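Going from the sequence shown to my numbering is simple: count from 1 and add 16. In this text, a Cβ means the ideal position worked out from N, Cα and C, and glycines have one as well. These figures come from a predicted structure and were not determined experimentally. Each remark here refers to the structure printed beneath this line.
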Amino acid sequence: MATEKDNERSADERSLITTEVTAEATNRSDSRTNSVITTTDLDVYYGDERALDGVDIGIPENRVTAIIGPSGCGKSTFLRCINRMNDQIDSCRVDGTLGFHGKNVYDDDVDPVALRRKIGMVFQKPNPFPKSIYDNVAYGLRVQGLEDDVDLDEEVERALRGAALWDEVNDQLDSSGLDLSGGQQQRLCIARAIAPDPEVILMDEPTSALDPVAASKIEDLIDDLAEEYTVVIVTHNMQQAARISDRTAVFLTGGNLVEYDETATIFENPEHDRVEDYITGKFG
Ligand SMILES: Nc1ncnc2c1ncn2[C@@H]1O[C@H](COP(=O)(O)OP(=O)(O)OP(=O)(O)O)[C@@H](O)[C@H]1O
């Protein structure tokens, strides 16, 4: 539905928005699924500095949700809150609630290690351990104490297949993960993240350190992963957000979630001027 602001916008302005970044419909066009992660009035502080300010969001299951916004607006902070990676930062404090299937992950009875089994993470820079390809993938299962409960060989193969890496490495599983190319290393990290069979995969700029071909493979992979997992991805690349995500959340300075909607709406008909300015490159 056209907003009042939209009606005031000139045709030229509207075409600028749609030609700068056009959202491609994913094959998961209906985003009305259950929210797997829900935040209510989520504030995050580092010491006295507020990095997130009253964030309310519901992240749909088995969809790709992109988090975009200018540098320092709190994207990584938000991502790290979801599986309590922020616990490792002494000065960090979280207020409000962050529900995973309705359970506040900051309740005292939540075990962060168990939480991270359900909510895995992939970082900007591929960070395989200096171990064999096999052991990199098996690590996630071993650290969760699952080694004796599963057929490790089978699970390693399943994870490497899931990360679209099996065909390239199945004859060198004992080689070091560090000997792979950057793109392969990142897919190895994705295999490590999916090995414990999480529900959610958090990705913090997973392609920004890769060349365009390797980045494109990861984008294709993310599309496949969304069939089985809920993916939340921080990206500086708006074309990427438009290409691969179903929903997009726009954070702006001050840790405010300014707009959150279907990706097509964010890129083609955003409600807020500041969001339009950001996605058309007027700032950020
Ligand atoms: N470990 C930390 N200690 C103190 N302040 C931090 C820490 N991490 C982030 N901040 C501050 O919190 C705010 C949000 O940072 P964050 O890294 O979440 O933003 P971002 O949007 O992911 O930025 P970028 O796009 O540059 O990665 C910034 O002001 C940053 O300086």
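Short Cβ contact (7 Å threshold) for residue i with residue j
| i | j | result |
| --- | --- | --- |
| ILE217 | TYR245 | yes |
| ALA179 | LEU168 | no |
| LEU241 | VAL247 | yes |
| ILE73 | TYR276 | yes |
| LEU157 | PRO212 | yes |
| LYS141 | ALA225 | yes |
| THR49 | PRO76 | yes |
Euclidean distance between Cα positions of residue i and residue j
| i | j | result |
| --- | --- | --- |
| GLU313 | GLU170 | It is not possible to answer for residue 313, since the shown part of the chain is limited to 17 through 300. |
| ILE53 | VAL126 | 15 Å |
| MET219 | ILE135 | 11 Å |
| GLU243 | VAL266 | 24 Å |
| LEU32 | MET254 | Model confidence at LEU32 stands at a pLDDT of 35, short of 50, so the residue's coordinates are unreliable; what they give is reported in the following sentence. Cα to Cα, LEU32 sits roughly 15 Å from MET254. |
| ALA67 | ASP111 | 11 Å |
| PHE94 | ASP164 | 34 Å |
| ASN120 | THR113 | 6 Å |
| ASN272 | SER92 | 13 Å |
| ALA257 | GLY63 | 31 Å |
| ASN186 | GLU235 | 22 Å |
| PRO146 | GLU287 | 47 Å |
| THR264 | VAL71 | 14 Å |
| ARG203 | PRO128 | 24 Å |
| LEU58 | LEU181 | 37 Å |
| ALA18 | CYS89 | Any answer about ALA18 is weak, because its pLDDT of 40 lies below 50 and its placement is not dependable; what the coordinates show is given next. Looking at the two C-alpha atoms, the distance is approximately 28 Å. |
| ASP69 | GLY270 | 7 Å |
| PRO214 | ASP289 | 37 Å |
| ILE84 | ILE98 | 16 Å |
| SER51 | CYS108 | 26 Å |
| SER192 | ILE260 | 31 Å |
Coil, strand or helix - residue i by DSSP
| i | result |
| --- | --- |
| THR54 | strand |
| ILE105 | coil |
| SER92 | helix |
| ARG79 | coil |
| PHE139 | coil |
| LYS21 | Note that LYS21 scores a pLDDT of 42, beneath 50, so its modelled location is shaky; the value from the coordinates is reported in the next line. Helix at LYS21. |
| ALA179 | coil |
| ASP64 | coil |
| SER197 | coil |
| VAL172 | helix |
| ASP59 | strand |
| ASP167 | coil |
| VAL71 | strand |
| VAL11 | The structure shown does not extend to residue 11, since the chain is modelled only from 17 to 300, so the question has no answer here. |
Residues sharing a beta bridge with residue i, DSSP
| i | result |
| --- | --- |
| GLY156 | BP columns for GLY156 are empty, so no partner. |
| ILE217 | GLY136 and VAL247 |
| THR264 | ALA82 and ASP277 |
| PHE116 | ILE53 and LYS119 |
| SER192 | SER148 |
- request: For ligand 1, enumerate in chain order all residues having a CB closer than 5 Å to any of its heavy atoms.
  value: TYR62, ALA67, SER87, GLY88, CYS89, GLY90, LYS91, SER92, THR93 and ILE105
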